[in-house]
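Novice: I am attaching a structure below and will ask some questions about it afterwards.
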Amino acid sequence: MRALPGRVLRGLLTAFRTVTPSGRALILVGSVASVLGQRLSWLELTLLARVCGVLLVLGLVLVLLPRVVRTSLEVRPLKVVVGSTARARLVASSGLTPLWRVVVHVPVAGERNRVRLPLLLPGRPVDTVLDIAAPRRGVFPVGPVTHESRDLLGLFRRTSTWAPGLELFVRPPVVMLEPLPVGLVHDLEGVVSDQLSSSDLSFHALREYVPGDDMRQVHWRSSAKADTLLVRQYLDTRRSHATVVLDDSLVSYTDRQDFESAVAVAASIAVRAAHDDYELVFAAGGQPVERNVERALDACCRVGLDTSGFVEVAGRVAAVATGTSLVVLVTGAHAPGREVNLAASAFPSDTVRLVVRCDRAGQSRVLESGGLRMIELSRIEHLPVLLLGSKS
Amino acid sequence: MSEPRPAGRLALDCLMIAVLTVVALTQLDQTYSDRSYLVAGCLALAVAMLLAVFVSESGRSVVLFIVLAVGAYVLLGPVIALRSYQDTFLPTPADFLDVLVGPFSGWNDLLTIIPPVEPTGRELVVPYALCFAAGATSTWLALRTNLVALPVLPIVGVLSAGILLGVQQPDLLEIRAAVLVVGIVVWLAVRGRRLQDSRESDRAGSVLVTTVLVGLVCAGVVIWLAPTTPPQARVVLHGRVGQGADLSNLDNPLSSFRIFTRQQAGDNNVYDERLLRVGGLPAGQRLRFVALDTYDGSTMEPDNRTVPETVDDLFQRISHEVDSPEKGSTAAVGVRVLAPYRSSWVPTTGALTGFQFVDLDRSPQREDLRYNPATRTLVALKGLRSGDDYTFTSTLTATEVTRAMAPYPVGGQLQREAAFLDPYIKPWAGSAMTPMQKVYSLARYLRKNGRYSDGAKASEAAVYTPGHGEARLGPGFIGAPVMVGDDEQYAAFMALAASRLGVPARVVVGAVPTKAGYVYGRNVLVWVELRVADGSWRTFPTAKFMSHVAPKDSEPAKQPPGAFVQGE
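Protein chains in written order, with my numbering: chain B, 81 to 472; chain X, 75 to 642.
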């Protein structure tokens with residue numbers, strides 16, 4: 081009940097916004113004319129007041145007439161890479177009466193976008209396709225589809241939502257990388273890989289002996305039955321666990337473009353790690369830690385330059401990423417070496433720790449400093465080669 | 075105003091301001107006798123708007139604009155409004171003062187003269203100031219603010235001032251109202267639309283489409299909504315300001331009516347004298363001297379503010395023309411005033427529309443003239459003398475009255491000072507007849523039972539005295555065994571009794587000229603005018619209620635009123 085006055089106030093505010101500046105002016109002039117015209121019996125002002133009144137009533141009726149429309153908005157694909165184009169498809173059909181030249185607003189990435197629909201007939205959905213260019217990384221709201229009812233003079237306007245809004249994810253460009261260096265920690269909890277192995281914990285099948293096989297793997301009982309030597313075949317169970325941490329602090333980067341490269345680097349490594357069946361822990365700055373590559377890429381869309389410290393982020397990630405075998409820290413040219421070292425030291429020293437610094441102004445090279453492998457990257461195209469180099 | 079203003083918007087705003095202000099100003103068309111007011115107004119408007127556009131577009135402050143506007147107003151005022159260049163090439167300091175004071179005092183000049191006013195002096199300062207102020211503020215507000223309604227208000231101000239200073243029943247009222255209403259609504263819609271579209275980067279054509287649409291809709295609505303207010307209810311300042319002329323020391327031709335009747339030869343008697351020579355009066359048309367409608371218990375007199383529910387019942391100055399809302403045929407009459415006519419009342423007929431002394435040097439007499447449009451009485455305060463010959467034009471309206479007509483509706487009792495008559499006319503007041511039938515019945519009773527004497531005979535002079543005071547009209551006339559009187563008593567009684575019976579009535583002294591165009595003393599008449607439902611006053615001649623039978627020595631008593639009414 082406490083919310084009631086607030087709700088009333090909000091209702092009044094909405095009603096006030098329904099009336100456009102013209103409408104307000106007509107109400108003002110009409111009221112003044114009405115009072116004066118009545119008091120003084122002046123035909124001119126009486127007439128003015130009446131005309132204003134009639135126009136206001138007509139306008140209100142026109143605006144309040146319900147327009148039954150079924151609309152749906154879909155965007156395909158919903159996730160695109162920078163530079164490509166998505167398509168928004170607006171399907172609309174009228175409910176009861178044909179509607180002509182209806183204008184709807186489909187805001188895309190905060191920009192107003194007026195769409196004039198063709199003639200709408202009841203029960204006949206009409207497609208309208210909008211091309212949405214994705215010039216930069218990010219998450220862009222598409223819609224909601226709103227319709228503004230107006231009268232002829234624009235005295236009133238009423239906005240109604242015809243279809244809810246969607247989010248278009250524009251992902252950073254990803255470069256193809258060579259397989260990542262393999263972390264080999266055999267573990268009972270490891271993940272069974274599709275690579276066959278002669279000795280592991282995950283039994284796969286028996287096969288005929290091939291010279292060179294370990295005699296210890298000969299399954300004597302089966303060999304006796306089959307009258308030929310059979311050896312046990314296993315699948316590798318590897319706990320290959322990659323952790324990618326993206327620094328999103330403003331001070332670490334020379335400019336935005338370096339940051340965009342860093343996001344692209346982090347995304348590329350995450351995609352490769354997923355491809356290699358790595359278990360992934362991905363942290364894009366202050367965004368929540370993700371374990372799924374799709375969600376990691378969504379996080380890449382969302383991340384922006386922020387003030388969260390690199391060391392805290394690394395610490396937070398290290399707390400969840402236990403048993404990781406590969407840590408990639410992605411940062412910019414201006415991240416202080418001490419902080420980078422601190423961030424790296426949050427992870428156990430027996431893991432492979434890799435720091436990628438994105439610096440357009442510098443040179444692409446691999447450095448080794450204080451037990452850390454450091455890749456300085458001037459162009460993202462150099463990343464596959466540098467990673468290969470750092471593996472050896 | 076960061077972004078540059080499209081030239082189209084500026085042009086549209088200026089066009090609307092100019093058109094609407096000029097149309098609003100034409101409200102004063104009947105207030106002035108010529109269109110020089112429109113010239114002054116348009117020039118002021120043009121100067122003010124140009125100044126506003128120039129200062130606004132060069133991005134200067136409002137303070138500079140006000141300083142420049144006041145300067146231009148004072149400097150150009152003598153040339154545009156006072157037209158001082160016609161007398162002297164350079165305006166005098168007094169002219170500048172007139173331009174500054176004019177807006178505050180000029181309207182008084184306008185309102186104490188019955189329109190139209192001849193713009194000879196400061197009268198044009200009012201339209202000049204109105205248009206200058208409205209043009210400057212409206213243009214400045216339209217160019218400098220995004221508020222939609224504000225620039226319209228100065229124009230509504232001009233309209234209001236024009237209505238207040240104008241006449242009550244202007245010509246082209248509906249057309250002017252329609253143009254103003256459509257213009258104002260279109261301008262409001264276009265200005266409002268412009269605000270919305272500036273956020274939407276919308277098309278320029280829609281403004282035009284809107285304009286046309288709004289214009290059509292409004293025109294339809296305006297035609298559909300016919301005016302419903304009665305024209306008399308329209309509030310104007312004419313008649314509400316001022317008291318009218320003081321009439322207390324003027325002659326009363328009703329009280330001194332016996333100088334026009336055949337009497338023993340005396341100093342003043344003019345029975346056989348030529349009073350006036352009249353030319354151009356349509357045959358049968360009565361010449362009216364004065365209408366008397368106020369009764370104080372002893373005499374009937376003319377006065378200011380005597381006609382209820384009108385605003386033009388004041389004796390006010392006139393110029394050569396007089397505005398009249400009446401419709402009818404026009405008469406152009408010339409009157410030569412002869413020496414025996416010694417009165418202040420200027421004989422006219424119908425509703426006066428123009429007046430001119432033949433001798434153009436009679437400007438002092440012109441200053442003395444006061445006219446009351448409601449009683450249609452013209453007076454020269456210092457008296458009309460031999461040689462004050464004049465011509466006038468007037469509109470002739472219907473004068474007939476019939477028994478079937480309805481009287482003008484009145485609230486409450488009229489002529490309170492004549493309440494002493496009520497016991498005598500009780501049989502009529504209590505009957506089931508309509509008020510007009512009561513008046514006709516009473517008139518017939520007077521005509522049948524009354525006797526005529528103007529006291530010319532020596533034997534009658536002491537008995538049938540002049541006067542129409544309470545004693546003479548009550549016990550001395552209607553209450554007497556034999557009702558004897560002349561035109562004075564009959565007309566005064568008839569007018570007062572009719573008023574008490576619910577029909578507004580007044581006494582008029584006038585004359586019907588002979589065929590040769592002369593008015594002798596014997597041609598001077600008294601009659602009663604009754605006000606009928608449409609507000610007009612109709613002639614009820616003495617023939618309807620006055621007997622011409624002389625009283626005999628042994629007269630039988632009159633018929634009792636009660637029995638007479640029973641027989642009706």
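Even for Gly, the Cβ is constructed at its ideal location relative to N, Cα and C.
(1) Starting from the beta carbon of Arg267/X, find every residue of chain B whose beta carbon is closer than 7 Å, and list them in chain order.
(2) What is the C-beta distance between Leu127/B and Ala251/X, in whole angstroms, given that I count them as a contact (C-beta under 8 Å)?
(3) Check each residue of the stretch 206 to 240 of chain X: if its Cβ is closer than 9 Å to any Cβ of chain B, include it; give the result in chain order.
(4) Closest to Val331/B by CA distance: which of Gln367/B, Asp293/B and Val420/B is it?
(5) Among the residues of its own chain, which have a CB less than 8 Å from the CB of Pro32/B, if the five just before and after it don't count?
(6) Of the choices Lys531/X, Asp442/X, Thr194/X and Phe331/X, whose alpha-carbon is the least far from that of Asn343/X?
(7) Would Arg314/X count as contacting chain B if we go by Cβ distances under 9 Å?
(8) If you check the beta carbons only, do Met620/X and Tyr564/X fall under 9 Å apart?
(9) Less than 9 Å between CB atoms is the rule here; does Leu254/X satisfy it with respect to chain B?
(10) Hey, Thr588/X and Arg360/X are a contact pair by Cβ (cut 8 Å); roughly how many whole angstroms apart?
(11) Along chain X, which residues have their Cβ under 9 Å away from the Cβ of Ser121/B?
(12) Tell me which residues share the same chain as Phe362/B and place their Cβ nearer than 6 Å to its Cβ, disregarding the 5 neighbours each side in the sequence.
(13) Determine the direct distance from the alpha carbon of Tyr333/B to that of Arg217/B, and round the result to whole angstroms.
(14) Using a Cβ-Cβ cutoff of less than 7 Å, which residues in the same chain neighbour Leu224/X once the five nearest sequence positions on both sides are dropped?
(15) Count the other CB atoms within 10 Å of the CB of Thr335/X; is the residue buried (16 or more) or exposed (fewer)?
(16) Cutting at 6 Å between CB atoms, please list the residues of its own chain near Arg218/X, excluding the five before and the five after it.
(17) Could you give the residue range of the beta strand (DSSP E) that holds Leu547/X?
(18) For Ser429/B, count neighbouring Cβ atoms within 10 angstroms of its own Cβ and tell me buried if that reaches 16, exposed if not.
(19) Look up Ile552/X in the DSSP assignment and say whether it is helix, strand or coil.
(20) Distance, Cα to Cα, Leu262/X vs Gly485/X?
(21) Between Val259/X, Leu124/X and Pro305/X, which has its C-alpha nearest Arg104/B's C-alpha?
(22) Return no unless some Cβ of chain D is closer than 9 Å to the Cβ of Val131/B.
(23) Counting only Cβ pairs nearer than 8 Å, list the residues of chain B close to Ile258/X.
(24) Please identify, using Cβ separations under 9 Å, the residues of the stretch 367 to 394 of chain X that lie next to chain B, in order along the chain.
(25) I need the boundaries of the beta strand (DSSP E) containing Arg130/B, first residue and last residue.
(26) Buried or exposed: Leu463/B, going by 16 or more other Cβ atoms within 10 Å of its Cβ?
(27) Taking 9 Å as the threshold (C-beta atoms), are Tyr464/X and Val411/X in contact?
(28) If you measure between the beta carbons of Val345/B and Val410/B, is that distance less than 9 Å?
(29) Which word fits His321/B, buried or exposed, when buried means at least 16 other C-beta atoms lie within 10 angstroms of its C-beta?
(30) From the beta carbon of Glu191/B, is the nearest beta carbon of chain X less than 9 Å away?
(31) Just to confirm my understanding: we take Asp211/B, look at its own chain, exclude 5 residues before and 5 after, and list those with CB closer than 7 Å. What are they?
(32) Is there a Cβ of chain B sitting closer than 9 Å to that of Ala251/X, yes or no?
(33) Find the residues of chain X that neighbour Ala105/B, judging by a C-beta separation of less than 9 Å, and give them in chain order.
(34) Can you pull the chain B neighbours of Leu575/X, defined as C-beta to C-beta under 7 Å?
(35) Extract the residue ranges of the alpha helix (DSSP H) inside the stretch 183 to 262 of chain X, only unbroken runs of 4 or more that lie entirely within it.
(36) With a cut-off of 9 Å, does the C-beta of Ala95/B fall near any C-beta of chain X?
Specialist: According to the data block:
(1) By one-based count along the second sequence, residue 267/X stands at place 193. By Cβ distance, chain B contributes Ser102 and Gly234.
(2) Here residue 127/B refers to the residue found at position 47 of the first sequence. Here residue 251/X refers to the residue found at position 177 of the second sequence. Indeed they touch by this definition, with Cβ atoms about 5 Å apart.
(3) Correct list: Asn220, Leu221, Val222, Ala223, Leu224, Val226, Leu227, Val230, Leu233, Ser234, Ile237 and Leu238.
(4) Position 251 of the first sequence, counted from the start, is the residue given in the question as residue 331/B. That would be Val420/B, whose Cα lies nearest to the Cα of Val331/B.
(5) Residue 32/B lies beyond the residue range present for chain B, which begins at 81 and ends at 472; the question has no answer from this structure.
(6) Walking along the second sequence from the start, residue 343/X turns up at place 269. Minimum Cα distance to Asn343/X is reached at Phe331/X.
(7) In the second sequence, residue 314/X corresponds to position 240, counting from 1. No, because no Cβ of chain B sits closer than 9 Å to the Cβ of Arg314/X.
(8) Taking the first residue of the second sequence as 1, we reach residue 620/X at position 546. Taking the first residue of the second sequence as 1, we reach residue 564/X at position 490. A contact, by the Cβ cut-off of 9 Å.
(9) Counted from its first residue, the second sequence places residue 254/X at position 180. Chain B, which has a Cβ nearer than 9 Å to the Cβ of Leu254/X, makes this yes.
(10) Position 514 of the second sequence, counting from 1, holds the residue named residue 588/X. Position 286 of the second sequence, counting from 1, holds the residue named residue 360/X. Taking C-beta atoms under 8 Å as the contact rule, Thr588/X and Arg360/X fail to qualify, at a distance of about 13 Å.
(11) Numbered from 1 along the first sequence, position 41 holds the residue referred to as residue 121/B. Residues of chain X passing the Cβ test: Thr303, Pro304, Pro305, Gln306, Ala307, Arg308 and Val309.
(12) Within the first sequence, the letter at position 282 stands for residue 362/B. Correct list, in chain order: Val324, Ala350, Glu370 and Ala376.
(13) Stepping through the first sequence from its first residue, residue 217/B is reached at position 137. Stepping through the first sequence from its first residue, residue 333/B is reached at position 253. Between Arg217/B and Tyr333/B, the C-alpha separation is close to 17 Å.
(14) Taking the second sequence and counting its residues from 1, the one referred to as residue 224/X is at position 150. Closer than 7 Å at the Cβ level, and outside the excluded window around Leu224/X, lie Leu215.
(15) For this step, residue 335/X is matched to residue 261 along the second sequence. Label assigned to Thr335/X: buried.
(16) The residue labelled residue 218/X in the question sits at position 144 within the second sequence. Around Arg218/X: Ser130.
(17) Sequence index remark: in the second sequence, residue 547/X carries index 473 (1-based). No beta strand (DSSP E) holds Leu547/X; the alpha helix (DSSP H) holding it covers Glu544 to Leu547.
(18) Working through the first sequence from its first residue, we reach residue 429/B at position 349. Burial is judged here by how many other beta carbons sit within 10 angstroms of a residue's own beta carbon; Ser429/B has fewer than 16 and is exposed.
(19) Counting from one through the second sequence, the residue named residue 552/X turns up at place 478. Residue state for Ile552/X is assigned as helix, using DSSP reduced to three classes.
(20) Your numbering for residue 262/X matches position 188 in the second sequence. Your numbering for residue 485/X matches position 411 in the second sequence. Within the model, the alpha-carbon separation for Leu262/X versus Gly485/X is close to 44 Å.
(21) The sequence position of residue 104/B within the first sequence is 24, counting from 1. Of the candidates Val259/X, Leu124/X and Pro305/X, the one whose C-alpha sits nearest the C-alpha of Arg104/B is Val259/X.
(22) This model lacks chain D altogether; the protein chains it does include are B and X.
(23) On the second sequence, position 184 is the one that residue 258/X refers to. The contacting residues are Val109 and Leu128.
(24) Within the stretch 367 to 394 of chain X, no residue qualifies.
(25) Within the first sequence, residue 130/B is the residue found at index 50, counting from 1. Counting along the chain, Arg130/B falls outside any beta strand (DSSP E), though it belongs to the alpha helix (DSSP H) covering Leu123 to Leu144.
(26) Looking up residue 463/B in the first sequence gives position 383. With a 10 Å radius around the Cβ and a threshold of 16 neighbouring Cβ atoms, Leu463/B comes out buried.
(27) Position 337 of the second sequence, counting from 1, holds the residue named residue 411/X. Position 390 of the second sequence, counting from 1, holds the residue named residue 464/X. Yes, they are a contact pair.
(28) Start at 1 with the first residue of the first sequence, and residue 345/B comes out as number 265. Start at 1 with the first residue of the first sequence, and residue 410/B comes out as number 330. Contact check for Val345/B against Val410/B passes: the beta carbons are separated by less than 9 Å.
(29) Translated into positions along the first sequence, residue 321/B becomes position 241. By the neighbour-count rule (16 or more Cβ atoms within 10 Å), His321/B is buried.
(30) By 1-based counting over the first sequence, the position of residue 191/B is 111. Not one chain X Cβ lies under 9 Å of Glu191/B.
(31) Mapped onto the first sequence, residue 211/B falls at position 131. So the list reads Thr165 and Arg167, once near-sequence residues are dropped.
(32) The count along the second sequence starts at 1 and reaches residue 251/X at position 177. At a cut-off of 9 Å, the C-beta of Ala251/X has a neighbouring C-beta in chain B.
(33) Indexing the first sequence from 1 puts residue 105/B at position 25. Simply Leu221, Val222, Ala223, Leu224, Val226, Leu262, Ala263, Arg265 and Gly266.
(34) Within the second sequence, the letter at position 501 stands for residue 575/X. Going along chain B, no residue has its Cβ under 7 Å from Leu575/X, so there is no contact; the nearest lies around 31 Å.
(35) Qualifying alpha helix (DSSP H) stretches, in chain order: 199 to 218 and 226 to 239.
(36) The sequence position of residue 95/B within the first sequence is 15, counting from 1. Not closer than 9 Å to any Cβ of chain X, the Cβ of Ala95/B fails to qualify, so no.
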